[in-house]
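Heads up: the structure comes next, in structure tokens.
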Amino acid sequence: MKKIAFIGLAILLFCSFPFQNNAETIVPGAERLDSYLPLLKGKKVAVLANQSSMVTDTHLVDTLLSLGINIAYIFAPEHGFRGDADAGETIGNYTDEKTGLPVISLYGNIKSPPDSILQKIDVTVFDLQDVGLRFYTYMSSLHYLMEASANNNKEVIILDRPNPNGFYVDGPVLDMKYRSFVGIYPVPVVHGMTLGEIARMANGEGWLTDGKQCTLTVITCADYTHRSLYRLPVKPSPNLPNMTSIYLYPSLCFFEATPVSIGRGTDFPFQVYGHPDMKRDTFTFTPESNSGAKNPPLKGQKCYGVDLRELPEQELLDKGVSFEYIIDAYNALGKPAKFFNSLFEKLVGVDYIRPMLIEGKSAEQIKASWQKDVEKFKQQREKYLLYD
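Just so you know, we're using our numbering here: the sequence shown kicks off at 37 and counts up by one.
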């Protein structure tokens, strides 16, 4: 009862937390050209970027080329340089049609920039819009870039961007025995940091192999704090089309390790959940192939489920990481023995959540189970934060 009371107090405090609605005045690192152009002049540069890497209305790569920066290579993360590939889709190397630059894929069989490429450059500029979740793979791409750069004595310059989920910390802290590309560091599901801050923490905590450190420069955002409500001007990946999906992502992504659809193959991914056998009759959807999900789960099958698109934004902001949706679907499907697959522990990061769900623990009881670890992490990260 004390644990549940503690959670109730935490939620009350969270609900009353004073947000800053200063999204229009925030200046991402990429737009602070005067801060990093002098660091690139006369150097051979690689850029790790995607469709979110914008300098106002112009792509970062186009901006740098127009200013005479010598870009030799583009590195591409999950979803590709132009951001139009499926989640998990393997992308090979190719030449970018617009710029003529070689694009080296860092998603698939090769996750690190090859030594042969790094030895031809002086510095890599990293500019990706993250959404602040441990299983969002841009953090892992940054890790492998830093590690390879450290091995080759090359510098990484991070053009930092605001975290749209940066106003709270929640969820289990990764047990490193479940370390994978969807969980590279021992941080909570929602870590409340920018990738610039995460990179500083990785260096400081010795998270790179053998405790190596990467030569790192972070170009910070202006007018951003961890109370800011930042609304993304460009969707960060094909299946996170709006802020509703980004706020629900911390709770709905766990469905990826179950037979339940979260709307991939519809116009509203990560805003619904359902299954052909769920006992619901008020909302249905049918996943089909589309540009962001060529072969979505339950393709062509009519799913009965729950539509979360009309939830008030404040409720989404207050909820944090919640297993209430998983519990609802699990119960609605009759608690099947094969509901959770092996990806589940990689996503949640620990081995104690699945037993609690099977035992019928409430969402509040499950949330209480990770609070001490979250508080410990918040203290650990303090010296690496760049924003109030």
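Glycine is no exception: its CB is placed at the ideal position from the N, C-alpha and C atoms. Everything numeric in this text was worked out from a predicted model, so none of it was measured.
With which residues is residue i paired in a DSSP beta bridge?
i	result
T245	For T245, which the question treats as bridged, DSSP gives no partner whatsoever.
E140	In the sequence as presented, Glu is not what sits at residue 140; that position holds Ile. According to DSSP, which records beta bridges pairwise, I140 is partnered with F111.
Y309	V342
I362	For I362, which the question treats as bridged, DSSP gives no partner whatsoever.
I193	V161, T253
H95	M90
V209	P224
A258	V63
F321	C339
L169	V226
A85	D163
N106	K80
Is it right to say residue i is buried, meaning 16 or more other beta carbons lie within 10 angstroms of its own, or is it exposed?
i	result
C51	For C51, the predicted model reports a pLDDT of 41, less than 50, meaning its position is unreliable; a value from the coordinates is still stated below. So C51 counts as exposed.
N199	buried
N33	Outside the shown range of the chain, which is 37 to 424, sits residue 33, and nothing can be said about it.
I394	exposed
A373	exposed
M212	exposed
E418	exposed
Y388	exposed
G104	exposed
K156	exposed
G396	exposed
N129	exposed
S185	buried
E351	exposed
S273	buried
N201	buried
I need the DSSP call for residue i, collapsed to helix, strand or coil.
i	result
D158	coil
A404	helix
L268	coil
M314	coil
Y130	strand
F380	helix
Y423	coil
F53	Reliability fails at F53, whose pLDDT of 46 lies under 50, so the model's placement of it is uncertain and the value that follows must be treated cautiously. DSSP places F53 in coil when its eight states are reduced to three.
T251	strand
K80	strand
I220	coil
S297	strand
E60	coil
G328	coil
N199	coil
Short of 6 Å in beta carbon distance, which residues of its chain neighbour residue i, apart from the five on each side in sequence? Order them along the chain.
i	result
G207	P224, V225, V226, V357
K190	L154
N145	none
Y214	E381, K382, G385
W243	Y221
Spatial neighbours of residue i within its chain, please: C-beta separation below 7 Å, excluding the five flanking residues on both sides.
i	result
D132	I110, F117, V139
F306	N275, L276, S281, L284, Y285, L288, I298, G299
D313	L369
G301	P323, E324, S325, N326, A329, P332, K335
V63	C257, A258, D259
N188	D151, L154, Q155
T245	E183
H95	S89
With a threshold of 8 Å on Cβ separation, who are the neighbours of residue i within its own chain once the five nearest residues in sequence on each side are excluded?
i	result
L422	D196, T230, G232, E233, R236, V254, T256
R316	G310, Y340, G341, V342, A368
G240	K419, Y420
F203	F53, F55, G228, H262, R263, S264, L265, L353
L69	V91, T99, L103
F375	T294, P295, Y366, L369
V113	Here the sequence assigns Pro to residue 113, which means Val is not the residue at that position. Excluding positions up to five away in sequence, the list reads L84, N86, L142, Y143, L164, T173, Y174, S177.
F359	S287, F290, I389, L393, A399, I402, K403
Is residue i near the ligand ADP, judged by its Cβ being under 8 Å from some heavy atom?
i	result
G78	As far as ligands go, the structure on display features none, and thus does not contain the ligand ADP.
Given 8 Å, three or more beta-carbon pairs between the stretch 174-191 and the stretch 212-223: yes
Just checking, does the stretch 242-253 make contact with the stretch 179-196 on the three C-beta pairs under 8 Å criterion? yes
Within the chosen definition, does the stretch 79-90 reach the stretch 153-170 through at least 3 CB pairs nearer than 8 Å? yes
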